Amino acid sequence: MRESDAYVRMAVANAKAMEASNEYAALMEGRLANFPSKEEIADHFFTIQQLRGELEVAREAERQREAEIEESKRKLAAAEAGKVAIQSDLDSMKEKHRREIEGRDRQARKDRYLARLSLAREYDGVRARIEALTEYNEGGFELKAELERLKDLEISLEVDYGLASVSDPSLSRLDLPEISVDSVNQD
3 MRESDAYVRM
13 AVANAKAMEA
23 SNEYAALMEG
33 RLANFPSKEE
43 IADHFFTIQQ
53 LRGELEVARE
63 AERQREAEIE
73 ESKRKLAAAE
83 AGKVAIQSDL
93 DSMKEKHRRE
103 IEGRDRQARK
113 DRYLARLSLA
123 REYDGVRARI
133 EALTEYNEGG
143 FELKAELERL
153 KDLEISLEVD
163 YGLASVSDPS
173 LSRLDLPEIS
183 VDSVNQD
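If you want the working numbering, it's the position in the sequence shown, counting the first as 1, plus 2.
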């Protein structure tokens with residue numbers, strides 16, 4: 003019985019092995035049936051290559067956009083710096099212009115004031131001449147009396163000059179040339 007049991011066991015094991023082999027074959031046939039054909043694989047490979055190309059194009063476009071954004075940021079920063087510089091220049095020009103206007107205004111006021119003073123002096127001089135001419139024309143101005151008054155003033159000034167020139171007694175001992183009244187130009 004041992005042989006028959008062994009034979010039965012061997013037959014059962016063989017049957018199980020055959021069944022397992024058949025299941026494996028069925029599984030492999032199923033996988034082969036589900037396995038894509040060369041054309042499908044080539045189509046999938048082509049699709050993968052297209053998608054990789056599109057992905058690379060998209061990545062390159064993204065890099066270009068990032069470069070453009072960086073360039074735009076750089077230009078914006080430069081424009082802002084330029085704007086600040088221009089605003090500073092504009093402010094300084096405004097201040098300079100304001101100071102120039104104030105200076106001109108101050109100078110114009112000063113010139114106007116000086117012109118008024120000059121005009122007032124001229125006006126007073128003209129008024130004095132008009133009054134003198136009016137008085138002369140009306141006969142109230144005596145030339146002879148005025149001449150006598152001026153001669154008296156001259157004599158008094160000569161005396162004062164003489165007294166002032168000899169105020170130091172040591173100076174009177176000096177031998178100085180005499181100046182006569184006739185030698186003085188009397189225009």
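Every residue gets a Cβ at the ideal spot worked out from N, C-alpha and C, and that includes glycine. Computed from a prediction, not measured in an experiment: that's the story for all the values here.
Cutoff 8 Å; reference residue i; Cβ partners in own chain excluding five residues on either side
i, result
"residue 46", "38"
"residue 88", "none"
Residue i - DSSP class collapsed to helix/strand/coil
i, result
"residue 74", "helix"
"residue 37", "coil"
"residue 168", "Only weak support exists for where residue 168 lies, its pLDDT of 48 falling under 50; the value from the coordinates is given anyway. Coil."
Sequence-distant residues of its chain with Cβ nearer than 7 Å to residue i (five each side left out)
i, result
"residue 90", "none"
"residue 35", "none"
Close beta carbons around residue i, own chain, < 6 Å, minus the five adjacent residues each side
i, result
"residue 129", "none"
"residue 67", "none"
- Query: Enumerated in chain order, which unbroken segments of the beta strand (DSSP E) with a length of 3 residues or greater are wholly contained in the segment 43 to 91?
  - Reply: none
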